[in-house]
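Each remark here refers to the structure printed beneath this line.
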Amino acid sequence: MPVCTEQEVADMVHAFYAKVRGDEVLGPIFDAHVADWDEHLAKLVDFWSAILRRTARFTGAPMPRHAVLPGLTAQLFERWLRLFRDNAGAQSNQAMGAQACLMAQRIAQSLWLGYQVSREPDVLPTPLAHG
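For the sequence shown, the working numbering assigns the number 17 to the initial residue and increments by one for each residue that follows.
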């Protein structure tokens, strides 16, 4: 049985990215790279639905899209995670929030490690400090 409904996933994703877009540090970065927010949010809902509800709706490869972004840092990934945790903790479905936080930690760590390897393949990547 899924930990959440499709509507709960959509509500969590939309609330989170509203916070991201309003964040003084992350907002400008996302706005510079997201051409169509409606389309992007739909993909993110599919992504989180696939993770939390096992819908298999998401098709795509997040790693290459993040690897080409200039100037990402561990601090940016950690800031994204803090916002994610705050948002997930505010959800009425705490089982979904807890599962989403666990997966977000893994995703952020994976994207950060992959980002470093894509930039400096001969250097051992460092994990996120606050996880």
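Backbone N, C-alpha and C define an ideal beta-carbon position, used for all residues, glycine too.
May I ask you to report which of helix, strand or coil DSSP gives Leu97?
Indexing the sequence shown from 1 puts residue 97 at position 81. If DSSP states are grouped into helix, strand and coil, Leu97 belongs with the helices.
CB-CB under 6 Å to Arg73, same chain, minus the five flanking residues each way: which ones, in chain order?
Taking the first residue of the sequence shown as position 1, residue 73 is located at position 57. Closer than 6 Å at the Cβ level, and outside the excluded window around Arg73, lie Asp62, Ser65, Ala66.
In whole angstroms, give me the CA-to-CA distance for Cys117 and Val36.
Residue mapping note: residue 117 aligns to position 101 of the sequence shown, counting from 1. Residue mapping note: residue 36 aligns to position 20 of the sequence shown, counting from 1. Taking C-alpha positions only, Cys117 is separated from Val36 by approximately 16 Å.
Anyone know if the C-beta pair for Gln125 and Pro143 falls short of 9 Å?
As a working note, residue 125 is residue 109 in the sequence shown. As a working note, residue 143 is residue 127 in the sequence shown. Closer than 9 Å, so yes.
Straight-line CA distance for Met112 to Pro86?
Start at 1 with the first residue of the sequence shown, and residue 112 comes out as number 96. Start at 1 with the first residue of the sequence shown, and residue 86 comes out as number 70. Approximately 32 Å, taken between the alpha carbons.
I need the boundaries of the alpha helix (DSSP H) containing Met28, first residue and last residue.
Numbered from 1 along the sequence shown, position 12 holds the residue referred to as residue 28. From DSSP, the alpha helix (DSSP H) with Met28 extends over 22-38.
Check whether the Cβ atoms of Leu68 and Gln110 sit closer than 9 Å, and answer yes or no.
Your numbering for residue 68 matches position 52 in the sequence shown. Your numbering for residue 110 matches position 94 in the sequence shown. Not closer than 9 Å, so no.
Decide yes or no for the touch test of the segment 96-105 against the segment 44-58: beta carbon pairs closer than 8 Å, at least 3 of them.
no
Out of curiosity, what's the CA-to-CA distance linking Pro141 and Thr89?
The residue labelled residue 141 in the question sits at position 125 within the sequence shown. The residue labelled residue 89 in the question sits at position 73 within the sequence shown. C-alpha separation (whole angstroms): 12 Å.
Would you tell me roughly how many angstroms separate the C-alpha atoms of Asp27 and Val133, rounded to the nearest one?
Here residue 27 refers to the residue found at position 11 of the sequence shown. Here residue 133 refers to the residue found at position 117 of the sequence shown. So the alpha carbons of these two residues sit roughly 34 Å apart.
Any idea if Ala58 is buried or exposed, counting beta-carbon neighbours within 10 angstroms, 16 or more meaning buried?
Along the sequence shown, one-based indexing puts residue 58 at 42. With fewer than 16 Cβ atoms within 10 Å of its Cβ, Ala58 is classed as exposed.
Thinking C-alpha only, which one of Tyr131, Leu42, Thr21, Pro80 is nearest Leu97?
Taking the sequence shown and counting its residues from 1, one reaches residue 97 at position 81. The residue with the shortest Cα to Cα distance from Leu97 is Leu42.
Classify Pro44 as helix, strand or coil using the three-state DSSP reduction.
The sequence position of residue 44 within the sequence shown is 28, counting from 1. The answer is helix: DSSP assigns Pro44 an H, G or I state.
Please say whether Arg135 and Ala83 have beta carbons closer to each other than 9 Å?
Locating residue 83 in the sequence shown gives position 67, counting from the first residue. Locating residue 135 in the sequence shown gives position 119, counting from the first residue. Yes, the Cβ-Cβ distance between Ala83 and Arg135 is below 9 Å.
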